[in-house]
Every structure is written in structure tokens, then in C-alpha cells.
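See below for the structure under consideration.
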Amino acid sequence: MTRLRRWFLAPAAVILVLLYGVPLAIICAYSLFERGAYGGVETVFTPANFLRLADALYLTILLRSFLMAGAATLLCLVLAFPLSWFISHAGRRKHLYLALVVLPFWTSILICMYSWMFLLRDTGLLNTVLLELGWISQPLPLLYNYGAVLLGLVYNYLPFMVLPVYAALERLDPHLVEAASDLGAKPAATFRRVVWPLAAPGVRAGAVLVFIPCLGDYLTPDLLGGGRTIMVGNLIQNQFTAARNYPFGAAVSLALMSVVMLLLWRLLKREEEVLP
Amino acid sequence: MRALLKSYVAAAFVFLYLPLVVLAVFSFNDSRFTLWNGFSLRWYRAAWENSQLTHAAASSLIIAVCSTVFATTAGTLCAYGLWKRNTRRLTAALYLSLVTPEIVMGVAMLAFYQIVLAPMSAPLGMHTVIVSHITFSLAYVVVVVLARLRTLDPRLEEAALDLGANEWQAFRRVTLPLLLPGIAAASLLAFTISFDDYVITSLVAGVDSETLPMVIYAMARRGVRPEVNAVSAAIVVLLGGLALVSERLNRT
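Line by line, the protein sequences give chains A and B.
Per this note's numbering, the very first residue in the first sequence carries number 6; after that it's consecutive.
Per this note's numbering, the very first residue in the second sequence carries number 1448; after that it's consecutive.
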């Protein structure tokens, strides 16, 4: 039985090793080399690229990325929890609602971001409508700021929070909630002492699943932030294109990858059962 | 309380669908500006007559079809190989490729191609884009097909083997037909993510391989262009339709 199956694994294994493993290994190597005079790398070992991460400029970018990803995760939770609660109580329409939540994610993130630009820019739809109504006398600065980036991040990764929270709430026995209120618990107390503890594994999984892509996001800060709100992803892109400092870009990539791997490893250890 | 929850949920759905609906509506706007000026198909015609857009659409289509064929084949075989047993390193690599930030995967592939292609003095181009797309859609295919395999009754294949089929025949005649809906769903998903990708593509593309997302991105940076609204609305309908069909196939 096993012989054929092992052969079946071969194409995927070759692709992963050659086109995913080797490129990552190159990045690891680059991060320890010196920058070449005309872009490229000099094969001289140096820890300088990692030390440079401690520079105030780059620390600020790292910190900003963490804060933005954290804020987006929190907002996703606030939005996703009632939504997941509603869907898990929607009876036969559950699958329809879940599909509706995930659909924008599967269409095109780039186009969704483009459309938000269309809505938010100075001559965009929201400002035009508000000006026409006479509620404002000049356009509100809705685009190219942290708020716009945060909105984009929440929009893009909301499904990653809804799915695991829904999975946890779906398994919550409604009798427990009834029992709590029969025994005299107020809604707030029922939520805090019955619902929340049982939903917590889903919330933790959702938090990691949202936080990871937000942290490494490149397109959202680039488009909705207009290049003024630089996050880690933009820093990496810049080092590999305009700045042509591959070794430093590689070091930043590795720092980002190690955070991602650490979070994922912790998640897989704790919440295997609620992952979608 | 119930009414409050309902309005909250309604607001969440408005948030999710507002950009898509607005885009679709304004793609039919007769005016170049944000004010509604009557229904018109002129931007669809303008997009159709824009050779940069049609050329990019053709590139995107070729890339998406090629990478989908390869990724679906390799991914399906891999999922079957992983079924009912534990191949930890490969599974870990697959999941890791799934959560690797796109920008990191993109720059790593760029560095890789520069090293590999430099001795042959071969340029970046459609081939590098296709190879990259195969790599990042592989894990999606494996996850979807594996989920389908887990719903199958393993005794069917065992029965085929007991009745004298060899391994290949059991796979080809019993398991593969049962897997087809899952494989179709996975391939639609692979097509969608390939057609939509911007970050990795823009890093590994050459001069001859500008894709539709790259053109849309460039135009979006320069300001709103009504042709882009039209193309984008068409893409949303196409990819949204594929995603819905994929979802359906997955549940039959």
C-alpha cells in the first residue's frame, strides 16, 4: 500500500523543498552577509544586519506593525463575536451566512482595497456625498492614514476570526446558557462565566490567525496608507527593490518569520481542535 | 436585545459588501467623476479597447490556468499520499507555506530566481510567475483535497484491493472518482488565488508578464480610472462566482 503513496508525495515534496525551502535558506544565508557595492551581496559573514534592527527607526516600524496588527485583531474580535453568535443561532441558514462572510475574501483583496480607496479618497464617494448634503465644507481626510490602514486590515482578515469563533460557539451547548439564567445569573454574568470561557479557544485561534497576516501585510498599508504608514512588509519590499539592500531585507524577513512561526507553534500546541 | 444583535449583524454585512456593491454600481456610471450621471456601458467598452488591460488579462489567464493544472495535480497526489498517515515534516512545511507572509515568500523567490537564472542569463518572466504560483497554491489544494478525503470511507478502497485491484487501479477507479468534487473545488480555489495575486507576482514578474492585478495596482496608485472600475467589477463577478461554485462542490 505504501509504495505508490510515497511516489505520490514526490512532486509536492520536490516543489516545496526546491521552490519554498531553498529560497528561504537563501534568505537565511543573505541575512548574515554583507551588502554588495551595487546591490547583491558580498559573502562576508556579519551580524550587522540583525544589529541594525535595534536602530530606533526600525524599532519604531516593528512596534508600529505590532500595534496595528494588535488593534486590527481586537477590532476583528469585537466585530466577529456577535456575528459568529448570530450565525451559530441561525439554524438552516448557517452555511449561507458563513459563505457570505468568506466570499469577499475569496474575490480579490486588491480590488477590495481599490474600492475602499474609491470610497475614502478626497474626491471619493463618502466625501462627495457629505459635501453634496452640505454636512461638511471641505473633504475629510479619510484615506492615507492609520485609520484607513486599520479599516483595510479588519476588512481583509475578518473571516479568519469569524470561522474559529463560530466553530467554538457552534459547539456550545445552549442548555448551559439557559441553566445559568435559570439559576439567576444576569446576562452579563452568563456571558462572562459561561459563554466566554467556552468560546476562549476559538477566540485565541482567531486572534493568532488574524494577527499573523496583519503583521506581515504589505498591500493594505501600501494602498490605504499611501506609503506614509510603513509596516514591516513595506520595509522588506523596500529593501529588496528601491534600497537594494538584500541582506538587511533578509534579516527583517527572518525576524518576521520567527514571530509567525512562534505564534503558529503555540497555537498548534494549544488549540488543535478549533482550527478550521 | 435580539433586534440590537440583528442590526449589528446587518451593519457588519454592509461593511463587508459596501466596497463590492459600490464598485459594481459605479462601473456603470456614465460620468468620469464620482457623481451618478446615468447608466452606461462605456467604461466596459473602454476597458475592452484598452490593449494594456486586455494583454494583462490574457497573461493572467495563461498564468492562472497553467499554475492551476500543475498545483492541482501535485496537490491531489500529495493529499492522497498524506491520507491515513502521518508525514510530519511535509505537513509542517505545507502549513508553514500557508502562513508565510506573501512579501517574505516573494522576496525569497526573487533571490532564488536571481541566483538560478543568472548563470543562464535568463530573464524573469511568465515562467517564473507560473512556478511561484504553483508553489503558493499547492498548500491550499492539499488542504481542500485532504478535507474531502477524510470524509471518504476507507473501506471502499480496501474492498477494491481485496477483490484483486492493484494500488494504482484502486486509486484510479475507486478513490479518484469519489474525490472529483473536492479536486474541482481545490482547482477553482487555486485559480482564484493565482488570478488575484499581486504581491508575489509583482516581485517575480518580468517585462513580458504584466498581470491584471499589476495593471490595476498601477492605475489605482495614479487615481481612480473608470475603466478600472469596470475591469474590477468583472473580476469580482468572475472570482466570486468561482468561489461560490467551489464552496458548493465542497459540500456535495
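Just so it is clear, CB atoms sit at the ideal spot from N, CA and C, and this is done for glycine as well.
query, result
"Please report the distance separating the alpha-carbon of residue 43 of chain A from that of residue 1565 of chain B.", "16 Å"
"Please return the same chain residues whose Cβ sits closer than 8 Å to the Cβ of residue 190 of chain A, not counting the five positions on each side in sequence.", "198 and 199"
"Mind pulling the alpha helix (DSSP H) runs of 4 or more residues that sit fully within the stretch 37–66 of chain A?", "53–57"
"In the structure shown, what three-state DSSP assignment does residue 239 of chain A receive?", "helix"
"Listed in chain order, which residues of the stretch 169–185 of chain A have Cβ atoms closer than 9 Å to some Cβ of chain B?", "none"
"Output the boundary residues of the alpha helix (DSSP H) element that contains residue 1640 of chain B.", "1623–1643"
"Are three or more beta carbon pairs between the stretch 215–234 of chain A and the stretch 105–125 of chain A nearer than 8 Å?", "yes"
"If the criterion is Cβ atoms closer than 7 Å, does the pair residue 234 of chain A and residue 151 of chain A meet it?", "yes"
"Under 7 Å, do residue 250 of chain A and residue 40 of chain A count as touching if we go by C-beta distance?", "yes"
"Between residue 1525 of chain B and chain A, is there a C-beta pair that is closer than 7 Å?", "yes"
"Quick one: grab the DSSP three-state call for residue 1447 of chain B.", "A question about residue 1447 of chain B goes unanswered here, because the residues of chain B that appear run from 1448 up to 1699."
"So what's residue 1697 of chain B in DSSP terms, helix, strand or just coil?", "helix"
"Hey, does residue 233 of chain A have any beta-carbon neighbour from chain B nearer than 7 Å?", "no"
"Any idea if residue 1602 of chain B is buried or exposed, counting beta-carbon neighbours within 10 angstroms, 16 or more meaning buried?", "exposed"
"Since residue 118 of chain A is in the alpha helix (DSSP H), which residue starts that stretch and which ends it?", "114–125"
"Does residue 1643 of chain B come within less than 7 Å of chain A when only Cβ atoms are used?", "yes"
"Assuming contact is defined by CB atoms lying nearer than 7 Å, are residue 1589 of chain B and residue 1541 of chain B in contact in what I supplied?", "yes"
"So, under 8 Å CB-CB, residue 1686 of chain B and residue 111 of chain A are touching, yes? Tell me the CB distance rounded to an integer number of Å.", "7 Å"
"Can you check which of these residues, A:100, A:91, A:263 and A:246, is closest to residue 1452 of chain B by C-alpha distance?", "A:91"
"Once DSSP output is grouped into helix, strand and coil, what is the label at residue 1497 of chain B?", "coil"
"Can you list, in chain order, the residues of its chain with a C-beta nearer than 7 Å to that of residue 85 of chain A? Leave out the 5 residues immediately preceding and following it.", "163, 166, 167, 170 and 211"
"Quick check on DSSP: helix, strand or coil for residue 6 of chain A?", "Bear in mind that the predicted position of residue 6 of chain A carries a pLDDT of just 49, short of 50, making it too unreliable to give a figure here."
"List the endpoints of the continuous alpha helix (DSSP H) containing residue 1616 of chain B.", "1614–1617"
"For a cutoff of 7 Å on Cβ pairs, would you count residue 1559 of chain B as touching chain A?", "yes"
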